[in-house]
Amino acid sequence: MIKISTNSKKDVYIHAALIISLLLALFFGFFFVYLPWSTNHGETITVPNLKGLTIEEMEDLLSERNLNYEVSDCTFVAGAKPLTVLSQYPLTNSKVKEGRKIYLTINSETPPQIKLPQLNGLSVRSAEQQLLISGLLKGNLKYVNDIRINEVIEVEYQGKKIESGTLISKGSKVDLVIGNGTGDVEMEVPDLVGKPFDEVKILLAGMQLQVGSVIYESESDQPAGTVTKQNCTTCSNDKIHAGETIDLWVAGTPPN
Numbered sequence: 001m002i003k004i005s006t007n008s009k010k011d012v013y014i015h016a017a018l019i020i021s022l023l024l025a026l027f028f029g030f031f032f033v034y035l036p037w038s039t040n041h042g043e044t045i046t047v048p049n050l051k052g053l054t055i056e057e058m059e060d061l062l063s064e065r066n067l068n069y070e071v072s073d074c075t076f077v078a079g080a081k082p083l084t085v086l087s088q089y090p091l092t093n094s095k096v097k098e099g100r101k102i103y104l105t106i107n108s109e110t111p112p113q114i115k116l117p118q119l120n121g122l123s124v125r126s127a128e129q130q131l132l133i134s135g136l137l138k139g140n141l142k143y144v145n146d147i148r149i150n151e152v153i154e155v156e157y158q159g160k161k162i163e164s165g166t167l168i169s170k171g172s173k174v175d176l177v178i179g180n181g182t183g184d185v186e187m188e189v190p191d192l193v194g195k196p197f198d199e200v201k202i203l204l205a206g207m208q209l210q211v212g213s214v215i216y217e218s219e220s221d222q223p224a225g226t227v228t229k230q231n232c233t234t235c236s237n238d239k240i241h242a243g244e245t246i247d248l249w250v251a252g253t254p255p256n
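The working numbering applies: residue 1 is where the sequence shown begins, and numbers increase by one.
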């Protein structure tokens with residue numbers, strides 16, 4: 001056993017100094033040598049941008065930086081390549097420790113099947129919004145003769161008509177068949193000259209025709225409210241389609 005001499009104050013001071021020196025050496029050795037060596041204290045790694053990379057590319061990039069990863073979610077985004085990184089956490093350029101785990105969202109290889117929403121009868125704009133909400137894309141707009149102007153008449157997928165509720169892949173494009181406001185069947189242009197304007201409006205509505213421009217002739221010798229002239233710019237060979245318009249000239253002055 002080592003005996004420590006304490007015969008004088010000098011011996012006590014020497015031994016106290018030795019003990020303090022030993023404690024300081026242990027303190028600095030632990031915090032400034034051992035900890036940096038064991039935990040890379042003060043060293044950080046910049047997280048690379050992984051978005052859009054394949055799994056193989058992502059693994060190589062993280063391996064070079066001694067970082068790990070975990071797939072926390074798998075979803076489907078139309079237009080993105082299958083099995084590529086959609087998002088990451090921590091974000092690009094974040095500073096992390098070696099061995100840190102990066103959490104990833106990967107684009108699914110197979111799109112999920114979803115039901116086609118009810119689009120018939122909606123306006124083009126409303127149909128586009130419903131497609132967006134459902135995860136589908138708008139394809140071509142096909143206009144056909146139909147009195148329902150700018151309204152969806154039917155929906156086509158891969159060239160075939162489909163009904164609402166049909167299962168199709170998320171991200172698919174569907175074509176919308178839209179009414180152009182004119183009927184498919186031709187009819188004779190009605191003779192409206194000499195008839196009262198109020199009667200003409202009822203007649204045209206019953207034929208699914210529209211009143212176009214109305215020009216009043218205050219100097220006409222016809223009774224006020226009588227149609228004196230008519231014109232249809234879209235008619236051909238005295239034929240007209242439902243939904244088309246006829247311009248009218250009316251005797252008298254505009255009503256207040």
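Glycine included, every Cβ here is placed at the ideal spot set by N, Cα and C.
Contact defined as beta carbons within less than 8 angstroms: I believe Asn180 pairs with Tyr143. What is the distance between those atoms, to the nearest angstrom?
Position 180 of the sequence shown, counting from 1, holds the residue named residue 180. Position 143 of the sequence shown, counting from 1, holds the residue named residue 143. About 4 angstroms separates the Cβ atoms of Asn180 and Tyr143, confirming a contact at the 8 angstroms cut-off.
Any heavy atom of the ligand GTP inside 7 angstroms of the beta-carbon of Thr84?
By its list of ligands, the structure shown contains no ligand whatsoever, and the ligand GTP lies outside what it can speak to.
Pull up the distance between the alpha-carbon of Phe28 and that of Ile55, whole angstroms please.
Stepping through the sequence shown from its first residue, residue 28 is reached at position 28. Stepping through the sequence shown from its first residue, residue 55 is reached at position 55. C-alpha separation (whole angstroms): 44 angstroms.
Out of Gln230, Phe76 and Ile106, which one is the CA nearest neighbour of Glu57?
For the purposes of this step, residue 57 is taken as the residue at position 57 of the sequence shown. Checked all of Gln230, Phe76 and Ile106; the closest Cα to Glu57 is Ile106.
Check whether the stretch 70-86 touches the stretch 154-173, taking contact to mean three or more Cβ pairs, one atom from each stretch, closer than 8 angstroms.
yes
For Pro90, which option in Arg125, Ile133, Lys51 and Leu122 has the closest C-alpha, if you only look at C-alpha atoms?
Counted from its first residue, the sequence shown places residue 90 at position 90. It is Lys51 whose Cα lies nearest to the Cα of Pro90.
According to DSSP, Val214 sits in a beta bridge with which residue or residues?
For the purposes of this step, residue 214 is taken as the residue at position 214 of the sequence shown. Partner(s): Leu248.
Starting from Ser123, follow its DSSP beta bridges and name the residues at the other end.
Counting from 1 along the sequence shown, the entry for residue 123 is found at position 123. Paired residues: Glu151.
Leaving aside the five residues before and after Val200 along the sequence, list all residues of the same chain whose C-beta is less than 6 angstroms from its C-beta, in chain order.
Along the sequence shown, read from residue 1 onward, the residue named residue 200 stands at position 200. The residues are Leu192 and Val227.
Counting Cβ pairs, one atom from each stretch, are 3 or more of them under 8 angstroms apart for the stretch 95-109 and the stretch 120-130?
no
Could you pull the start and end residues of the beta strand (DSSP E) that Leu176 belongs to?
By one-based count along the sequence shown, residue 176 stands at place 176. Run containing Leu176: Lys173 to Gly179, per the beta strand (DSSP E) assignment.
Mark Thr46 as exposed unless 16 or more other C-beta atoms lie within 10 angstroms of its C-beta, in which case mark it buried.
For the purposes of this step, residue 46 is identified with residue 46 of the sequence shown, where counting begins at 1. Label assigned to Thr46: exposed.
Following the continuous beta strand (DSSP E) through Val47, name the residue where it begins and the one where it ends.
In the sequence shown, the residue the question calls residue 47 occupies position 47. Per DSSP, Val47 belongs to no beta strand (DSSP E) and is neither H nor E.
DSSP three-state label for Val85, please.
In the sequence shown, counting from the first residue as 1, residue 85 sits at position 85. Val85 falls in the strand class under three-state DSSP.
With the cut-off set at 8 angstroms, would you say Gln210 and Gly159 are in Cβ contact?
Your numbering for residue 210 matches position 210 in the sequence shown. Your numbering for residue 159 matches position 159 in the sequence shown. The answer is no: Cβ separation not under 8 angstroms.
How would you label Glu188, buried or exposed, when you count the other beta carbons within 10 angstroms and need 16 or more for buried?
Translated into positions along the sequence shown, residue 188 becomes position 188. Note on Glu188: under 16 other CB atoms within 10 angstroms of its CB, so exposed under the neighbour-count rule.
Between Gln88, Ala16, Met207 and Gly135, which lies nearest to Leu267 when the distance is taken from Cα to Cα?
The chain is shown only over 1 to 256; residue 267 falls outside these bounds and no answer can be derived.
Buried or exposed: which applies to Val185, given that a residue is buried once 16 or more other Cβ atoms fall within 10 Å of its Cβ?
For this step, residue 185 is matched to residue 185 along the sequence shown. Its Cβ having fewer than 16 others within 10 Å, Val185 is exposed.
Could you compute how far the alpha carbon of Ile147 sits from the alpha carbon of Gln208?
As a working note, residue 147 is residue 147 in the sequence shown. As a working note, residue 208 is residue 208 in the sequence shown. The straight-line gap from Cα to Cα measures roughly 8 angstroms.
Considering only C-alpha positions, which residue in the set Ser164, Asp175, Glu151 and Thr234 is nearest to Lys139?
Counting from one through the sequence shown, the residue named residue 139 turns up at place 139. In the sequence as presented, Lys is not what sits at residue 139; that position holds Gly. Of the listed residues, the one whose Cα sits closest to Gly139 is Asp175.
Considering only the alpha carbon of each residue, which of Thr245, Tyr69 and Asn49 lies closest to Leu203?
Within the sequence shown, the letter at position 203 stands for residue 203. Leu203 has its Cα closest to that of Thr245, out of Thr245, Tyr69 and Asn49.
To which residues does DSSP link Ile240 through a beta bridge?
Position 240 of the sequence shown holds residue 240. According to DSSP, which records beta bridges pairwise, Ile240 is partnered with Met187.
Could you tell me the alpha carbon to alpha carbon distance between Val124 and Ile240, rounded to whole angstroms?
Looking up residue 124 in the sequence shown gives position 124. Looking up residue 240 in the sequence shown gives position 240. Between Val124 and Ile240, the C-alpha separation is close to 26 angstroms.
Select from Gln118, Ile133 and Leu248 the residue whose C-alpha is nearest the C-alpha of Gln230.
Position 230 of the sequence shown holds residue 230. Gln230 has its Cα closest to that of Leu248, out of Gln118, Ile133 and Leu248.
By DSSP, does Gly139 sit in helix, in strand, or in coil?
As a first step, residue 139 is located in the sequence shown; it is residue number 139 there, counting from the start. It is a strand residue.
Ignore the nearest five residues each way along the sequence and tell me which others in Tyr69's own chain have a CB closer than 6 angstroms to its CB.
Translated into positions along the sequence shown, residue 69 becomes position 69. Excluding sequence neighbours, Tyr69 sits near Leu62, Ile102 and Leu104.
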